[in-house]
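Residue numbers (our numbering): 140 to 579.
Ideal placement from N, C-alpha and C gives every residue a C-beta, glycine not left out.
Take a look at the structure set out below.
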Amino acid sequence: MTFPPDFLWGTATAAYQVEGGNTNSDWWRWEAEGHVREGNQAAVCCDWWANAERDLDAAAELGTNAHRLSLEWSRIEPEPSVFDSEALARYRAILQHCHAVGLEPMVTLHHFSNPLWLADKGDFNSDVVVDYFSRYAAKVVDVLGDLVPKWVTINEPMTYAVMRYLTGEFPHTRRGYGAFMEGVYNLLRCHAVAYHAIKERHPAALVSTADNMQVFAAPPDGTALDRWWAGAVGALYNDAWPRALHTGVFHGPLGRRRVKGLAGTADFSGINYYTRFYLRFPPRQGFIEREWGPGAVVSDGDYGEVYPYGLYQMIQRVLPYGKPIYITENGVPDAADRLRPGFILDHLRQVWQAISFCYPVMGYYHWSLVDNFEWERGWTQRFGLIALDLETQARAWRPSAHLYREICRSYTITDDMARRYAPEMLPVMWPGGDQTSEVF
Ligand code: FCB
140 MTFPPDFLWG TATAAYQVEG GNTNSDWWRW EAEGHVREGN QAAVCCDWWA
190 NAERDLDAAA ELGTNAHRLS LEWSRIEPEP SVFDSEALAR YRAILQHCHA
240 VGLEPMVTLH HFSNPLWLAD KGDFNSDVVV DYFSRYAAKV VDVLGDLVPK
290 WVTINEPMTY AVMRYLTGEF PHTRRGYGAF MEGVYNLLRC HAVAYHAIKE
340 RHPAALVSTA DNMQVFAAPP DGTALDRWWA GAVGALYNDA WPRALHTGVF
390 HGPLGRRRVK GLAGTADFSG INYYTRFYLR FPPRQGFIER EWGPGAVVSD
440 GDYGEVYPYG LYQMIQRVLP YGKPIYITEN GVPDAADRLR PGFILDHLRQ
490 VWQAISFCYP VMGYYHWSLV DNFEWERGWT QRFGLIALDL ETQARAWRPS
540 AHLYREICRS YTITDDMARR YAPEMLPVMW PGGDQTSEVF
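Given below as structure tokens:
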């Protein structure tokens, strides 16, 4: 299965999850208060603030030609309206290094982490966030814009709002439906102002958001009510945000809201895809249900079902917007690398199939390059192609890193790769390909 010669092969990371020492972030305080699984803290993380270059060099060795990374707002603006030129200079050096080793950067302005001062002002529940975000975006683009062809303003806005204001697993001060909708509305306003701040300075840059999209389905034994509910949750979680970026109007469960300057602010569709969830009505476990069918392949820590076809379904779901599509994240927590080789092969097969139908999928960023701090799950989930020993900072390539290198270097996935890295995928992806032909 062959990919186009201009395809972008990437990996993805986020500042807070790899840099270490982000003491001015609301996550740092949240961890100190003991909210993260097993009392884990980000601490020195993957030590990127001192040495991002080590892992970026590895990304280049992997044969990738792109990398998605984010900027830590709390470093760049440690106090309101005070910008840290040394922090900006460090990001410039990191971005220059990306280019030097052949990685096209895609840069995220906001990936789940806020400056403490902003959290204390009410973050996305307070209107002041819009002006602050606009000034932050303008400053960053003035200093770094010449190095960045692709921008993500906000990572997974719907996930962020759900985890913060509904489930409460992310740092928050308020919870409830009102706080959630207010949060979504201000995230939309922040995206709109940042989009224009970037495009005024660099009209050719591509700007959008990276949207978490999951398959929500009724279980096979589900009722009509379950199917209705799965459809309603999918419409809110998967569709409402991208649709708002195209039309300027957000369709919430209790009404619509128009946002000034929002229409037409997505230059591409960014899909972060991980898993499928079965939903029942009424919900038994709150908003995010963790149910899957018998025989489902489930990743570490009951993170979710491995369901590659869902990636194809999500690609189809954004086709109507008519924009180039990037898979801005896709990966699996799998410390033992038991599932990851097959996961990569089969998810990339879905991408290949989409491309074969002339769907405009332009790139794929695997989450993640190296094990990193997985938010409320701390260090209990290992998403890296490269394993990290937190104590010694030693790195070790998992077998899937070697597989991904073969794929990125050859722009193909082959049955020979499957034979060597994930033989269980042969009968799935190449039916009959594991047998000798009896015809001739
Ligand atoms: C996504 C987040 C990313 C990482 C992966 C596993 O939802 O964007 O930071 O946590 O999940």
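Counterpart residues of residue i in DSSP-defined beta bridges
| i | result |
| --- | --- |
| Phe389 | Arg396 |
| His249 | Ile293 |
| Val457 | Answer by DSSP bridge pairing: none, since Val457 is not bridged. |
| Met352 | Tyr412 |
| Val346 | Trp290 |
| Tyr465 | Gly409, Gly502 |
| Glu444 | Val437 |
Start and end residues, alpha helix (DSSP H) containing residue i
| i | result |
| --- | --- |
| Tyr128 | Any answer about residue 128 is impossible in this case: the structure gives the chain only from 140 up to 579. |
| Asp365 | 363 to 373 |
| Asp259 | 255 to 259 |
| Pro566 | 565 to 568 |
Nearest to residue i (by Cα), restricted to the options the options
| i | options | result |
| --- | --- | --- |
| Trp569 | Asp485, Trp431, Pro499, Gly523 | Asp485 |
| Pro538 | Pro499, Gly571, Ser549, Asp473 | Asp473 |
| Asp262 | Arg303, Gly470, Trp290 | Arg303 |
| Arg456 | Val267, Gly523, Trp380 | Trp380 |
| Asp365 | Ala151, Asp476, Glu430 | Glu430 |
| Ile483 | Tyr543, Asp223, His236 | Tyr543 |
| Asp528 | Gln235, Asn511, Ile233 | Asn511 |
| Pro217 | Ala191, Asn190, Ala198, Asp165 | Asp165 |
| Leu384 | Thr141, Glu428, His335, Asp439 | His335 |
| Arg479 | Ile454, Met453, Val445 | Val445 |
| Pro310 | Val287, Glu515, Thr551 | Glu515 |
| Tyr451 | Gly440, Val500, Gly470 | Val500 |
| Ala228 | Val269, Ala402, Ser408, Leu286 | Leu286 |
| Asn469 | Tyr503, Ala493, Arg477, Lys462 | Tyr503 |
| Ser265 | Ala333, Leu458, Leu195, Ala318 | Ala318 |
| Phe496 | Arg477, Ala526, Arg176, Leu458 | Leu458 |
| Leu312 | Asp259, Gly403, Tyr155, Ala561 | Inspection of the sequence shows that residue 312 is occupied by Thr rather than by Leu. The candidate whose alpha carbon is nearest that of Thr312 is Asp259. |
| Tyr299 | Asn377, Ser213, Phe146 | Asn377 |
| Leu248 | Gly403, Ala526, Val280 | Val280 |
| Arg423 | Tyr550, Arg382, Trp368 | Trp368 |
| Asp360 | His390, Arg314, Phe420, Asn190 | Phe420 |
| Glu308 | Arg176, Val398, Thr348 | Arg176 |
| Ile410 | Ala526, Leu401, Met453 | Met453 |
| Gly400 | Ala475, Val388, Arg314 | Val388 |
| Ala357 | Thr551, Gly370, Arg488 | Gly370 |
| Leu524 | Leu201, Glu170, His174, Thr141 | Leu201 |
| Ser347 | Thr404, Leu375, Glu339 | Thr404 |
| Gly432 | Phe355, Ala526, Leu508 | Phe355 |
| Asp439 | Tyr413, Tyr460, Gly461 | Tyr413 |
Cβ-Cβ separation, residue j to residue i (assumed contact under 8 Å), whole Å
| i | j | result |
| --- | --- | --- |
| Asp186 | Gln532 | 6 Å |
| His256 | Pro296 | In the sequence as displayed, the identity of residue 256 is Trp instead of His. At roughly 21 Å, the Cβ-Cβ gap does not stay under 8 Å, so Trp256 and Pro296 are not in contact. |
| Gly517 | Asn179 | 3 Å |
| Val490 | Ile466 | 6 Å |
| Ala197 | Arg534 | 7 Å |
| Asp151 | His541 | According to the sequence displayed, residue 151 carries Ala and not Asp. Contact flag wrong, Cβ pair sits at about 19 Å. |
| Ala277 | Ser209 | About 17 Å; that fails the 8 Å criterion. |
| Leu345 | Phe272 | The Cβ separation is near 19 Å, so there is no contact. |
| Arg207 | Met245 | 4 Å |
| Pro144 | Tyr460 | In fact, because the Cβ distance is near 25 Å, the residues do not count as touching under 8 Å. |
Cβ of residue i within 8 Å of any chain B Cβ
| i | result |
| --- | --- |
| Val323 | In the displayed structure, chain B is absent; only one protein chain is listed. |
Residue i, enclosing beta strand (DSSP E) - first and last residue
| i | result |
| --- | --- |
| Thr404 | Segment: none, Thr404 is in no beta strand (DSSP E) and carries neither H nor E. |
Heavy atom of the ligand GTP within 7 Å of residue i beta-carbon
| i | result |
| --- | --- |
| Ala154 | Of the ligands this structure carries, namely the ligand FCB, none is the ligand GTP. |
Ordered list of beta strand (DSSP E) runs contained in the stretch 266 to 331, each at least 3 residues = Taking only runs of at least 3 residues, the beta strand (DSSP E) segments lying wholly in the stretch 266 to 331 are 289 to 294.
request  = Enumerate, from N- to C-terminal direction, the unbroken beta strand (DSSP E) stretches of 3 or more residues contained entirely within the stretch 183 to 244.
outcome  = Taken in chain order, the complete beta strand (DSSP E) segments of 3 or more residues contained in the stretch 183 to 244 are 205 to 209.
key: Contiguous alpha helix (DSSP H) assignments of at least 4 residues, all confined to the stretch 412 to 439   = Here no run is fully enclosed.
key: Secondary structure, beta strand (DSSP E): runs of 3+ residues fully inside the stretch 471 to 556   = At a cut-off of 3 residues, the continuous stretches assigned as beta strand (DSSP E) that sit fully inside the stretch 471 to 556 are 500 to 506, 525 to 527, 534 to 536.
request  = Could you tell me which uninterrupted beta strand (DSSP E) segments, each at least 3 residues in length, are contained entirely in the stretch 141 to 165, listed from first to last along the chain?
outcome  = Listed in chain order, the beta strand (DSSP E) elements of length 3 or more contained wholly in the stretch 141 to 165 are 147 to 151.
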